[in-house]
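>
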Amino acid sequence: MNANSSFADTIVAVATAPGKGGIGVIRISGKQAAFIAKRLLSKDLSARIATLCTFRNANQEILDQGVALYFPSPNSFTGEDVVELQGHGGPVVLDLVVSAVLAEGARLAEPGEFSLRAFLNNKIDLAQAEAIADLIDASTQQAAQSAMRSLQGQFSEHVLNLATALMQLRLYVEAAIDFPEEEIDFLSDGKVLQKLDAILAELSLLQAKAKQGQLLKEGMSVVIVGQPNAGKSSLLNALTGQETAIVTPIAGTTRDLVKETIQLDGMPLHIIDTAGIRDQAEEIEKEGIRRALLQQDLADRILLVVDVSQGELTKVEQEVLQQFSHKTTLIMNKIDTVGLLPGERDGQLYLSAKTGEGLSCLKEHLKMCMGYRQAEGATFIARRRHLSAIAATLQNCLNAKKQLVEFKAGELVAHELKMAHDALGEIVGKVTTDDLLGEIFSNFCIGK
């Protein structure tokens, strides 16, 4: 979606979720919104007052009856004239009303176009716009609360405060460059280094909070692998608390991927149970094994489930450990059959998927692997691009510190501080491209 290509158009879309419901909301935004509403309703609307109306098409056929609300520019969500028609939530009725609006000269909104217009009209910044989608998509209570904090501007406030500090420090350094006879003393008096260290500390804190927010949004993906009958499906059932996967004594019961998502102290945990991996397999099993191997590449963590009574690891199990040693946890399952105690020993987790012994230890282990701490009040939602921008800002600041401490190179310090400021500005939309805006807003709902 191009950020400016059809900005002058009046747009319309259904703002409520697809399907049947008691109420359906149609949103109209643009210069012609009030005119189109008058054509449909045969009356003028007062600003911010709910008005009971009959919705008609150009042939004066009654389509629906409901409430209309008018929000004149600039005091609306998009910053433009906005009309919301609240009628009955049947898909056919809503389509009829939308068609009547289109017939009066509006066009269908593109995904996220209402939020894009709000951003372009400075009603919200880019991080707040993303928080709208994150609030809608939130899969846990903690994620929803964190998204709301981002929508209210808490994340943006942190970012803008740091951006201001970076800009002020850069001006301070550039002042030294403008007076070359004083530059060395100016850069050596300790004030620049002190301010830069303070910014680095704040950036590290922001990065830690953003990492927690990103985990709340995206969660952790875990793939369960192992030999047939090692207890993979039993472990999936134990984690989800329900009979998601079929458990039988027959080897090779699971031949396709079984996916479930649960909450782990507010963090979405995406679990995938895979077909048993072994050297000798039937043709249909081989396809399941191929899919299992593919999932291992994509996973944040691999749980390699082994029957504790089997003795040494098989060749296939050893290959998994060697190839993915950095993200594999060895699960010694079925401790109830040999009388072992649950817990973590020698880098291995001992548990019983059947009885649940050791399951709490596994959950704590997974949180530790991702660096997740149960959401606190100050957590805000964050995305991967936010983390990338913060990491780039940190690196630029570290580069600036090196140029300052080792070389007293004022111009290079100022350059790195400018790069840091620009990288941070990408989060809230101070520095953007049409491609970035298109990528972000194209993933929104049509009516948002």
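Quick note: the sequence shown, position 167, residue 167 per full-length UniProt numbering, numbers continuous. Cβ atoms here follow ideal geometry from the backbone N, Cα and C, with glycine treated the same way.
If we require 4 or more residues per run, which alpha helix (DSSP H) segments fall completely within the UniProt domain "TrmE-type G" (219-371)?
Qualifying alpha helix (DSSP H) stretches, in chain order: 232-240, 283-298, 315-323, 359-370.
> Sort out for me which residues DSSP pairs Ile62 with in a bridge.
Ile62 pairs with Arg56.
> Once you ignore the five residues that flank Val14 on each side, which residues in its own chain have a CB closer than 6 Å to its CB?
Counting only Cβ-Cβ distances below 6 Å, and skipping sequence neighbours, we find Ile26, Leu94, Gly447.
> In terms of residues, what are the limits of the beta strand (DSSP E) holding Ala15?
Unbroken run through Ala15: none, as it is neither H nor E.
> Any chance the region 303-311 sits against the region 218-232, with 3 or more Cβ pairs inside 8 Å?
Yes, the region 303-311 is in contact with the region 218-232.
> Verify whether the separation of the beta carbon atoms of Tyr70 and Ala100 is less than 7 Å.
No, these two residues do not count as a Cβ contact at 7 Å.
> Leaving out five residues before and five after Gly343 in sequence, what residues of the same chain have Cβ atoms less than 7 Å from its Cβ?
Taken in chain order, the residues that qualify are Tyr350, Gly358, Cys361.
> Is the region 171-180 close to the region 124-134, with three or more CB pairs under 8 Å?
Taking 8 Å as the limit for Cβ pairs, the verdict is that the region 124-134 does not touch the region 171-180.
> Where Ile132 and Leu340 are concerned, what is the direct C-alpha to C-alpha distance, given to the nearest angstrom?
Taking the straight line from one Cα to the other gives about 49 Å.
> Using the Cβ count rule (16 or more neighbours within 10 Å means buried), how would you classify Ile262?
The residue in question, Ile262, is buried, as its Cβ has 16 or more Cβ neighbours within 10 Å.
> Taking its Cβ as the centre, do 16 or more other Cβ atoms sit within 10 Å of Val92, making it buried, or is it exposed?
Val92 is exposed by the Cβ-count criterion.
> Starting from Glu84, follow the beta strand (DSSP E) in both directions and report where the run begins and ends.
Residues 82-89.
> Helix, strand or coil: how does DSSP classify Ser156 here?
Correct three-state label for Ser156: helix.
> Measuring straight from C-alpha to C-alpha, what distance separates Ala238 and Glu110?
Taking the straight line from one Cα to the other gives about 43 Å.
> Looking only at its chain, what residues have a beta carbon closer than 8 Å to the beta carbon of Gln207, apart from the 5 residues adjacent to it on each side?
Closer than 8 Å at the Cβ level, and outside the excluded window around Gln207, lie Leu387, Ile390, Ala391, Leu394.
> Check the C-beta distance from Ile331 over to Leu303 and give it rounded, since I have them as a contact under 8 Å.
Sure, about 5 Å apart at Cβ, within 8 Å.
> In terms of alpha-carbon separation, which member of Ala118, Leu108, Val431 lies closest to Gly79?
Answer by Cα proximity: Ala118.
> With H, G and I counted as helix, E and B as strand and the rest as coil, what does DSSP make of Arg373?
The answer is coil: DSSP assigns Arg373 none of H, G, I, E or B.
> Tell me whether Asn396 is buried or exposed, calling it buried when 16 or more other Cβ atoms sit within 10 Å of its Cβ.
That one is buried.
> Run through DSSP, which three-state label would Thr140 get?
Thr140 falls in the coil class under three-state DSSP.
> Report all residues from its chain with a CB closer than 8 Å to the CB of Ile49; omit the five preceding and five following residues, and keep chain order.
Answer for Ile49: Leu69, Tyr70, listed in chain order.
> Near Met167, what residues of its chain come up, given a Cβ to Cβ distance below 7 Å and the 5 sequence neighbours on each side ignored?
Excluding sequence neighbours, Met167 sits near His421.
> Note the first and the last residue of the continuous alpha helix (DSSP H) segment covering Asp435.
Residues 434-441.
> Would you call the region 138-150 in contact with the region 207-217, where contact means no fewer than 3 C-beta pairs closer than 8 Å?
A contact exists between the region 138-150 and the region 207-217.
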